[in-house]
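Below is one structure; the comments refer to it alone.
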Amino acid sequence: MTGRSYEILVVDDGSTDDTEAVARRYPEVRVLRQIPNQGKGAAVRRGMLEARGQWVLFSDADLSTPIDELDKLLAAAREKRAAIAIASRGLWQAKIEVSQPLYRVLMGKIYNLMLQAILLPGIWDSQCGFKLFERSAAREVFGRTELPGFGFDAESLYIARRLGYRLVEVPIRWRNDPDTKVSAWRDSLRMFLELWRIRRLHRALRPLAPSPRDLPD
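Add 11 to the 1-based position in the sequence shown for our numbering, that's all there is to it.
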């Protein structure tokens, strides 16, 4: 990140702790407050649409993927002339420093098999909360997302593919946060059911006219 200009947005999605107050201590941080809580998908959508940089990254606040992994995503996007680079724990080159409990790993693998069968063949990890979009792609994609919850990851990637954007999946370092608020059962079931809804909502999308970055080599 050295030598680059940047902005930091924190989307506080109706939190009841000191998130907003802590974030406002830093003058370089722009805080976007949502009241009441609207869901992770809604929070990410707002941040991605309000960001002003040439490249827009969203990251989980727990930094399970270290922020310096951004350099890998940016390098891969430029090398492959891709508009979107996504962090992946599913590629063999990924380095999992602290793994999830076995039942979460198995549920994630089952979800990914269904995801590939229904929406996104060839994507090995749609749910890692660390994704980089070129600004125009971010606005086109997140201007169309509708799901307010955790299904937004799969929805945004499906929309991106329907619009014709090139995606690259990048292996990263990752550490499980044992304090995750994601329910292994309730949220996973909802995400399974949303796969079919995503396809129904967006299957009529057609590719946009390609930009030079998205043209084949």
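Even glycine gets a Cβ: it sits at the ideal position worked out from N, Cα and C.
{"query": "Quick check on this structure: which residue in M59, L74, V42 has the alpha carbon closest to the alpha carbon of C139?", "result": "L74"}
{"query": "Mapping DSSP to helix, strand and coil, what is D29?", "result": "coil"}
{"query": "Between the alpha carbons of A149 and Q111, how many angstroms are there, rounded?", "result": "29 Å"}
{"query": "Can you give me the start and stop residues for the alpha helix (DSSP H) that R186 sits inside?", "result": "Per DSSP, R186 belongs to no alpha helix (DSSP H); it is in the beta strand (DSSP E), 184 to 186."}
{"query": "Would DSSP call L158 helix, strand or coil?", "result": "coil"}
{"query": "Kindly indicate the opening and closing residues of the alpha helix (DSSP H) around D164.", "result": "163 to 173"}
{"query": "Scan the region 108 to 162 and note each continuous alpha helix (DSSP H) run of 4 residues or more that stays entirely inside, going in chain order.", "result": "113 to 129, 146 to 153"}
{"query": "Find the nearest neighbour of W135 within the set K91, E180, I107, judged by alpha-carbon distance.", "result": "E180"}
{"query": "Would A105 pass as a contact of I183 if the rule is Cβ separation under 8 Å?", "result": "yes"}
{"query": "Report back the beta-carbon spacing between L84 and A96 to the nearest angstrom; my notes put them in contact at under 8 Å.", "result": "4 Å"}
{"query": "Do L126 and S137 come within 8 Å of each other at the CB atom, strictly closer than that value?", "result": "yes"}
{"query": "Compute the beta-carbon to beta-carbon distance between R146 and V67, rounded to the nearest angstrom, for a pair I have assumed lies under 8 Å.", "result": "6 Å"}
{"query": "Of the residues L174, G160, R177, which one's Cα is nearest the Cα of K51?", "result": "G160"}
{"query": "Quick check on the DSSP output: what are the complete beta strand (DSSP E) runs of length 3 or more inside the region 29 to 67, in order along the chain?", "result": "40 to 45"}
{"query": "Taking all protein chains shown into account, decide if L226 is buried (16 or more other Cβ within 10 angstroms of its Cβ) or exposed.", "result": "In this prediction, L226 scores a pLDDT of 41, lower than 50, which makes its location untrustworthy; the coordinate-derived value is nonetheless stated afterwards. Exposed, since its Cβ has fewer than 16 Cβ neighbours within 10 Å."}
{"query": "Beta-carbon within less than 7 Å of V42's beta-carbon, same chain only, minus the 5 sequence neighbours each way: which residues are those?", "result": "V21, D23, E31, A34, R35"}
{"query": "Look at the Cβ atom of G162, then the Cβ atom of M118, and state whether they are nearer than 8 Å.", "result": "no"}
{"query": "Cutting at 8 Å between CB atoms, please list the residues of its own chain near L216, excluding the five before and the five after it.", "result": "R155, I170, R173, L174"}
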